[in-house]
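Asker:
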Amino acid sequence: MEIQKKKEDNIMVIAVSGRLDAVTSPELEKELLSIIAEGNKSLVLDFAKLDYISSAGLRVVLAGAKKIKQQQGILRLACLKGVVKEVFEVSGFDSIIPCFDTADSAFKAGS
Amino acid sequence: MIGKSGIALRISLLVLSSITVIFSSVFIYNYLFSRQIIQTNIERNAESLTQATVNKIDGVLSAVERVPINLAVFLEEFSYSGGELIGLIKAVVENNPEIYGAAIAFEPYAYSPNAKDFAPYFFKQDGKLQFTYIPYDYFGWDWYQIARELKKPVWTEPYFDEGAGGIIMATFSVPFYKRIEGERVLTGVVTADISLSWLQKILSSLKISETGYAFLISKNGTFITHPDPDLVMNETIFSVAEARSDAQLREIGRRMVQGDTGYAPFTSLVTGKRCWLKYSPLPASGWSLAVLFPQDELMTDIARLNRTVISIGLAGFFFLLLVIVWIARSITRPLRGLSKAAGQIARGDLDAEIPDVRNRDEVANLAESFRFMKTSLKKYIADLRETTAAKERIESELKIAHDIQMSIIPKTFPPFPDRDEFDLYATIEPAREVGGDLYDFFFLDDTHLCFLIGDVSGKGVPASLFMAITRTLIKAKAAQGLEPGTLLTRVNEDLCIDNDAVMFVTLFLGILDVRTGEIRYSNAGHNPPFIMRKAGALEKIQGTGGTALGTMEGLVFKSRSVVLSPGDVIFLYTDGVTEAFDAGGALFSDQRLIKDLSTVTNGSVKDITESIMASVKAFAKDAAQSDDITMLVIQFRGGASYTTAR
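Quick mapping for you: the protein sequence lines, in order, are chains A and B.
Residue numbers for the first sequence follow this note's numbering, so the first one is 1146 and each next one is one higher.
Residue numbers for the second sequence follow this note's numbering, so the first one is 62 and each next one is one higher.
1) Please list the residues of the region 493-523 of chain B that have a C-beta atom closer than 9 Å to any C-beta atom in chain A, keeping them in chain order.
2) Rounded to whole angstroms, what's the CA-CA distance from A/Val1158 to A/Leu1225? Just pull it up for me.
3) At the 7 Å Cβ level, is B/Val694 part of the contact set with chain A, yes or no?
4) Identify the residues that DSSP records as bridge partners of B/Arg621: which are they?
5) With a cut-off of 8 Å on the beta carbons, I'd call B/Leu713 and B/Pro181 a contact; round off their distance for me.
6) Work out the CA separation of B/Asp643 and A/Lys1194 for me, nearest whole Å.
7) So A/Ala1223 packs on A/Val1189, CB below 8 Å; how close in whole Å?
8) By Cβ distance below 6 Å, which residues in the same chain neighbour B/Lys439 in space, the five residues on each side in sequence not counted?
9) If B/Val251 and B/Pro129 are in contact, beta carbons under 8 Å, what's the gap, nearest whole angstrom?
10) With B/Ile655 as the anchor, note down where its alpha helix (DSSP H) starts and where it stops.
11) What would DSSP say about A/Glu1147, mapped onto helix, strand or coil?
12) Considering Cα atoms alone, identify which of B/Val517, B/Ile602, B/Ile631 is closest to B/Gly611.
13) Below 7 Å between beta carbons: does that hold for B/Tyr582 and B/Pro545?
14) Helix or strand or just coil, what does DSSP make of B/Tyr170?
15) Out of curiosity, what's the CA-to-CA distance linking B/Met613 and A/Ala1208?
16) What did DSSP end up calling B/Glu138 once you bin it into helix, strand or coil?
17) Closest by CA to B/Asn584, which one among B/Thr508, B/Leu548, B/Phe179?
18) Tell me, to the nearest whole angstrom, how far the beta carbon of B/Ile690 is from that of B/Met674; I am working on the premise that it is less than 8 Å.
19) Using 7 Å as the threshold, is the C-beta distance between B/Ile228 and B/Ser256 below it?
20) Using a Cβ cut-off of 7 Å (strictly closer), state whether B/Asn588 contacts chain A.
21) Beta carbon of B/Asp346, beta carbon of B/Trp216: below 7 Å?
22) Leaving aside the five residues before and after B/Arg653 along the sequence, list all residues of the same chain whose C-beta is less than 6 Å from its C-beta, in chain order.
23) Please list the residues of the region 558-570 of chain B that have a C-beta atom closer than 7 Å to any C-beta atom in chain A, keeping them in chain order.
24) B/Ser622: which of B/Asn588, B/Ile572, B/Ala443 sits nearest, CA to CA?
25) Does B/Gly607 get closer than 7 Å to chain A when you measure Cβ to Cβ?
26) Under DSSP, the beta strand (DSSP E) around B/Cys511 begins and ends at which residues?
27) Cβ of B/Thr605 within 7 Å of Cβ of A/Ile1241?
28) Give a yes or no on whether the C-beta atoms belonging to B/Leu396 and B/Phe431 are separated by under 7 Å.
29) I'd like the span of the beta strand (DSSP E) that includes B/Phe184, first residue to last.
30) So, does the region 271-280 of chain B touch the region 349-362 of chain B, judging by three or more C-beta pairs under 8 Å?
31) Give the residues of chain A in contact with B/Met613, contact being defined as C-beta atoms less than 7 Å apart.
32) Considering only DSSP beta bridges, list what B/Pro236 is partnered with.
33) Which of the residues in the region 1224-1235 of chain A, read from start to end, lie with their CB under 7 Å from any CB of chain B?
34) Whose Cβ in chain B lies nearer than 7 Å to the Cβ of A/Val1211?
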């Protein structure tokens, strides 16, 4: 798993690539928590290059969404596809975390 | 030694050999240069000493020569009586201490027609003046004949004179003339003798270091003076050269007789030592003086200097050797200690003593680093031991948790041997760690079988505990006779309370009416189960739009229903099946599951489960199992048997 961050207009876009599973998700969790602790209120998780997400990965995404919500912020998801998209659909997470087809649209929704 | 003190030996060898080279160069240069200086000095001294001696002797000889020359002039110019002549001679011998004797010898009948010979002679004997007439046969003597024939003053070869006191002497003879009718007629010879013992005295007074000496040879090489009295008058320089077969000496003699001046190496005739020989002619007499300078005595100083320098050099060399060995050892001793300690540490003895290094140098730093390394290693190993112990404890606790988890999941099949309305089989293949999958089934009443399958987010003890809570909550709510959707809604509310860890569980819960085959179900974000129709069709069960339990408060879960016909099978699974990885990272996938399921439509519930499990394992091969693999399979047999049983 690799994480790339990019901040534009107060929106932090975090692109995650590779596999997000029990082994790699603690790293993303740490990253998300520190980004939120820095006071970022608007996050976009770009999953365009994410190949796989396990329940542990889902938990980290959910935890991030909940955490930022407590601080009146919002976490958006962008570019869900394939297996990842299926997992979000099956688990119903797509109904509780706003998802967008493109990073751009997620970005615009935030600004 | 070499192996043990390699550095010490190498430093010693390098430094000492360098020093030896430097010292030798300095020594050799110093030796050659000082030798050169001394030799130049010796040569210069020899030159001046020889010249001074030559001048001294020559001065005396010249003074002696003047007396008969003046006398000859007087005899030619003036008339004289016999008495006057004798008086003259007497005065000459008396007044000239260098002159041993003097004579005026006349030609036959030149003094008087009556006497053939007339040669009055005064000489000194034992300090007294003696007078004699030289006997009649003096005309044939060298001192008379040579001067007469050559018609010029001449020094005779030295000779032994028996008549005049028995001494060795040399005579200076001057012919004198008389004017007779305007013509110069040779009338006789005036002579002056010198005693060679007097010359010997002059030469022996020369102080030439310890054993140096001087000697004098005559025109034909006869020794006039020499420290060895046997040589004097008896031998010539050539006869000695002959006796010694010494070509060098012969050459020296030749040059001396020729009247050359020179400087040559020479072996002493007296001491046999190696010498330098300086020779120079005495112009007045045609004799030649040689002075010998013993080489070793002149080189004594330089030899002593050399001995001192070599001694100092050797002492310095050994001192340096000691210093270098000491330094090298002071460096290598702690190094050897360190090396030994390192060996002990390498063998696992972390209490090995690190030697103290007193100096604050690199070796001390090394020792300090060693000590630090040892302490760190010790600490690290202690930590590791502790960590390992902790890890082992955790692992054993995890094992226990795993066992407990497994024990609370029903694993006896068939679970209800007395019920023939359905067949049920389930399996759970936990991943290495304690997993978060669960399944359960239980009768709500006689005719309603509640079954569920779920997957808790994450793994390990937290997942396991969350699973246990979920299972307990569901069992408690189910007993209240709630609809599946309502049941899950309530469970979700409870799970969301204080769910700080943000754990959630995807869950499918169904209630089968064993009489009719109807299943009322609700899905909380779980993989939708498949219905395998007896006719062969494979259907994915319709969703209820639910989200995983525990994600958010206030979620409302809906119920749906599906009806099984006798022989139909409902296949429930967790994502451990579809998301099993092979070594290349590929997923088992829904497609593969569907394909595999379609090949086992006629199998028993156990067959179906085992077949899928085998397929998953064959797919994953050696890849580590990352998630629990759980399946729950129910085949509806039909309510008829139930009704008949009643």
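Every residue gets a Cβ at the ideal spot worked out from N, C-alpha and C, and that includes glycine.
Answerer: Result, derived from the coordinates:
1) Contact annotation: in the region 493-523 of chain B, residues whose CB is within less than 9 Å of a CB in chain A are Glu494, Gly497, Asp516, Val517, Ser518, Gly519, Lys520, Gly521.
2) Translated into positions along the first sequence, residue 1158 of chain A becomes position 13. Translated into positions along the first sequence, residue 1225 of chain A becomes position 80. So the alpha carbons of these two residues sit roughly 14 Å apart.
3) Locating residue 694 of chain B in the second sequence gives position 633, where the first residue counts as 1. So, not an interface residue.
4) Residue 621 of chain B sits at position 560 when you count from the first residue of the second sequence. For B/Arg621, which the question treats as bridged, DSSP gives the partners B/Tyr582.
5) Residue 713 of chain B is absent from the model: chain B starts at 62 and stops at 707.
6) Counting from 1 along the first sequence, the entry for residue 1194 of chain A is found at position 49. Counting from 1 along the second sequence, the entry for residue 643 of chain B is found at position 582. The alpha-carbon atoms of A/Lys1194 and B/Asp643 are separated by roughly 20 Å.
7) Taking the first residue of the first sequence as 1, we reach residue 1223 of chain A at position 78. Taking the first residue of the first sequence as 1, we reach residue 1189 of chain A at position 44. With a Cβ gap of about 5 Å, A/Ala1223 and A/Val1189 count as contacting.
8) To locate residue 439 of chain B, count along the second sequence from 1; it is residue 378. So the qualifying residues of the chain are Leu411.
9) Here residue 251 of chain B refers to the residue found at position 190 of the second sequence. Here residue 129 of chain B refers to the residue found at position 68 of the second sequence. That pair is a contact at about 4 Å.
10) For the purposes of this step, residue 655 of chain B is taken as residue 594 along the second sequence, with counting starting at 1. Run containing B/Ile655: 650-659, per the alpha helix (DSSP H) assignment.
11) Residue 1147 of chain A sits at position 2 when you count from the first residue of the first sequence. Correct three-state label for A/Glu1147: strand.
12) In the second sequence, residue 611 of chain B corresponds to position 550, counting from 1. Looking at the Cα atoms, B/Val517 is the closest of the given residues.
13) Start at 1 with the first residue of the second sequence, and residue 582 of chain B comes out as number 521. Start at 1 with the first residue of the second sequence, and residue 545 of chain B comes out as number 484. Between B/Tyr582 and B/Pro545, the CB-CB gap stays under 7 Å.
14) In the second sequence, residue 170 of chain B corresponds to position 109, counting from 1. If DSSP states are grouped into helix, strand and coil, B/Tyr170 belongs with coil.
15) Numbered from its first residue, the second sequence carries residue 613 of chain B at position 552. Numbered from its first residue, the first sequence carries residue 1208 of chain A at position 63. Taking the straight line from one Cα to the other gives about 11 Å.
16) Taking the first residue of the second sequence as 1, we reach residue 138 of chain B at position 77. Here B/Glu138 sits in helix by DSSP.
17) Reading the second sequence from its first residue, position 523 is the one you call residue 584 of chain B. Among B/Thr508, B/Leu548, B/Phe179, the Cα nearest to that of B/Asn584 belongs to B/Leu548.
18) Here residue 690 of chain B refers to the residue found at position 629 of the second sequence. Here residue 674 of chain B refers to the residue found at position 613 of the second sequence. The C-beta distance from B/Ile690 to B/Met674 rounds to 7 Å, short enough to meet the 8 Å contact threshold.
19) In the second sequence, residue 228 of chain B corresponds to position 167, counting from 1. In the second sequence, residue 256 of chain B corresponds to position 195, counting from 1. Result yes, Cβ atoms of B/Ile228 and B/Ser256 sit closer than 7 Å.
20) By one-based count along the second sequence, residue 588 of chain B stands at place 527. By this cut-off, B/Asn588 is an interface position.
21) Numbered from its first residue, the second sequence carries residue 346 of chain B at position 285. Numbered from its first residue, the second sequence carries residue 216 of chain B at position 155. The amino acid occupying residue 346 of chain B in the given sequence is Ser; Asp does not appear at that position. It is a contact, given that the beta carbons lie within the stated cut-off.
22) Working through the second sequence from its first residue, we reach residue 653 of chain B at position 592. Excluding its 5 nearest sequence neighbours in each direction, B/Arg653 has no C-beta neighbour in its own chain below 6 Å.
23) For chain A, the residues of the region 558-570 of chain B that bring a beta carbon within less than 7 Å of one of its beta carbons are Val563, Met564, Phe565, Thr567, in chain order.
24) Here the question's residue 622 of chain B lines up with position 561 in the second sequence. Nearest to B/Ser622 by alpha-carbon distance, out of B/Asn588, B/Ile572, B/Ala443, is B/Ile572.
25) To locate residue 607 of chain B, count along the second sequence from 1; it is residue 546. Yes, its Cβ sits closer than 7 Å to a Cβ of chain A.
26) Taking the first residue of the second sequence as 1, we reach residue 511 of chain B at position 450. In the DSSP assignment, B/Cys511 falls within the beta strand (DSSP E) that extends over 509-517.
27) If you number the second sequence from 1, residue 605 of chain B lands on position 544. If you number the first sequence from 1, residue 1241 of chain A lands on position 96. Between B/Thr605 and A/Ile1241, the gap from beta carbon to beta carbon reaches 7 Å or more.
28) Looking up residue 396 of chain B in the second sequence gives position 335. Looking up residue 431 of chain B in the second sequence gives position 370. Going by C-beta atoms, B/Leu396 is not nearer than 7 Å to B/Phe431.
29) The residue given as residue 184 of chain B occupies position 123 in the second sequence. Annotation: the continuous beta strand (DSSP E) that includes B/Phe184 extends over 181-186.
30) Contact holds: three or more Cβ-Cβ distances are below 8 Å.
31) Here residue 613 of chain B refers to the residue found at position 552 when the second sequence is read from its first residue. Within chain A, the residues near B/Met613 are Ile1241.
32) Here residue 236 of chain B corresponds to residue number 175 of the second sequence, with the count starting at 1. Within the DSSP bridge table, the entry for B/Pro236 names B/Val250 as partners.
33) So the list reads Val1228, Val1235, given in the order they occur along the chain.
34) Translated into the one-based positions of the first sequence, residue 1211 of chain A becomes position 66. Residue 1211 of chain A is actually Lys in this sequence, not Val. Here the neighbours are Val563.
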